[in-house]
Every structure is written in C-alpha cells, then in structure tokens.
Amino acid sequence: VAAGANPMDLKRGIEKAVEIVVSDLKKQSQVVEVGSKKIEQVASISANNDKGTGKLIAEAFGKVGKEGVITVEEAKSTETYVEVVEGMQFDRGFQSPYFVTNTDKMITELDNPYILLCEKKISVMKDLLPILEPVAQSGKPLLIISEEVDGEALATLVVNKIRGSLKVAAVKAPGFGDRRKAMLEDIAILTGGTVISEETGTKLEDATIHLLG
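In this text, residue positions in the sequence shown follow this note's numbering: the first is 4, and each later residue adds one.
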C-alpha cells in the first residue's frame, strides 16, 4: 500500500489466498477417532516425543470420549496416572468468597447437595424461602445455579452460610440467552431436577423441594 498498490486489490488477493490455503488444509487434514493409535502418536509428539505421556493422554480420551474434559494437574507423588471423575464441568465460579469451604485451595465443596436451577436473576429473599426452609431442615447442602443471585438474597445466603445454619453456594449459570437455557436443561437432565422458568410454568416463590436436583 505504501508503494502505491491498490488496497482493495490487496484485500481481495489476501481473501483468495486464505480460501485456497484453508481448502488445501482441509484436504490434508485427517479425522482422528477416539481409540485409534493416531491419538497416542499426536499426543506423544506434542509432549516432546514422550511416548509414556502420549499413551496416558490416549487412555484419557478413550475413557471420556471426544466430548469429555481432560485436565493436567501436578501430582503429589512421582507417579503419573489417569483419574476419571464422573460429572459435569462449566466455567463459572462462586458468587461470593464467603461460600468457600476450603480456604487453603479457595474452593467450595458440597457433598451430595440439592441443586436449584433458575433461569432468572434472584434478588428478593422471600422468593427463596419456600425452598430454603425444607432444605435447611433436611441438613443437606444447596447449590444455586441461576442467571445471578444479588442484593438481599445474596446477603441473606452469606449470613446463613457464616452462621452455619445452611450449607449453600451460588454460581452463575453458564452461557447466555438460548445457550444458557439449553445448558440449564442439560444440568436438569443430569441431576434429575427441573429448571424454574416461564417456559416450564414454574415460579421460584411457588417451587418445592421436589423440583431440585
């Protein structure tokens, strides 16, 4: 361009070149199926030709499939191994540090909790009371997954958590818009709960413990 070339011609040329390169890469690409030796080969190369690591990664893919989540963590011993944890993972954290149960790791751990799934924002505490009272009586923890918990509702949950009267944590639902609805439905199917939303004809203030996952 600085030498006098037409910028529009240059743009069109780049676009054509990109199309050709992408098309050629697609022709050269190969689908690597789970369970094939190629996964181990690719993983070994990526691990600086470490065949042992490549074999472990292939083993992990074989156990969780293409849709599974694989993470690498530092072990407390010299042994390298694969551990499979059943469940679901999404990228959201607790909405208040007061929900932390392990201050060393700054994580929240709830053992076999009830799970409240709500599509809308929760701000008013009285809407939560019909659910909180039977949950507190049961002695089980409660995990709230919703658009957001804020205001009076969040403050009251934090106070109850600090006092020890209720084991609770709240996280934002993953995704946005229709994607969020779909992911909440997935969580509901996985946990056996019901999403509290206009589409399911349920309201938070009328919800019962039977709607929880």
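Virtual Cβ for every residue (Gly too), placed ideally from N, Cα, C.
Practice problem: Would you mind working out which of A191, E86, L131, V174 sits nearest E155, comparing C-alpha positions? | Solution: L131
Quiz item: What are the boundary residues of the alpha helix (DSSP H) that includes I110?
Solution: Run containing I110: none; DSSP gives neither H nor E here.
Quiz item: Roughly how many angstroms lie between the CA atoms of N163 and Q44, to the nearest whole one?
Solution: 53 Å
Quiz prompt | Straight-line Cα distance separating K29 from L214 | solution = 47 Å
Quiz prompt | the segment 81–89 in contact with the segment 97–116 per 3-pair CB rule at 8 Å | solution = With a cut-off of 8 Å, the segment 97–116 and the segment 81–89 do not count as touching, because too few Cβ pairs lie within range.
Quiz item: For A63, which residues of its own chain have a beta-carbon under 6 Å away from its beta-carbon, when the five flanking residues on both sides are left out?
Solution: Once the five neighbours on either side are set aside, the close Cβ partners of A63 are I73, V85.
Quiz item: Since N105 sits in a beta bridge, which residues does DSSP pair it with?
Solution: Paired residue(s): I110.
Exercise. Evaluate P100 with the Cβ neighbour count: other Cβ atoms within 10 Å of its Cβ, from every protein chain shown; 16 or more gives buried, anything less gives exposed.
Key: exposed
Quiz item: Are the Cβ atoms of K175 and E201 separated by less than 9 Å?
Solution: no
Quiz item: Beta carbon of P144, beta carbon of N115: below 9 Å?
Solution: yes
Quiz item: Are the segment 90–98 and the segment 121–131 in contact at 8 Å, needing three or more beta carbon pairs?
Solution: no
Quiz item: DSSP three-state call for I148: helix, strand or coil?
Solution: strand
Quiz item: Taking the C-alpha atoms as reference points, what is the distance between P177 and A46?
Solution: 30 Å
Quiz item: Any chance the CB of E76 is under 8 Å from a heavy atom of the ligand HEM?
Solution: In the structure on display, the ligand HEM does not appear, and there are no ligands present to speak of.
Practice problem: Tell whether a beta-carbon distance below 9 Å holds between L187 and A173. | Solution: no
Quiz prompt | Cβ separation of L169 and L135, assumed to be a contact under 8 Å, to the nearest whole Å | solution = 7 Å between Cβ atoms; contact.
Self-check item: Distance CB(K124)-CB(D94) smaller than 9 Å
Solution: Between K124 and D94, the CB-CB gap reaches or exceeds 9 Å.
Quiz item: For T205 versus T194, is the C-beta distance shorter than 9 Å?
Solution: no
Quiz item: According to DSSP, is A172 helix, strand or coil?
Solution: strand
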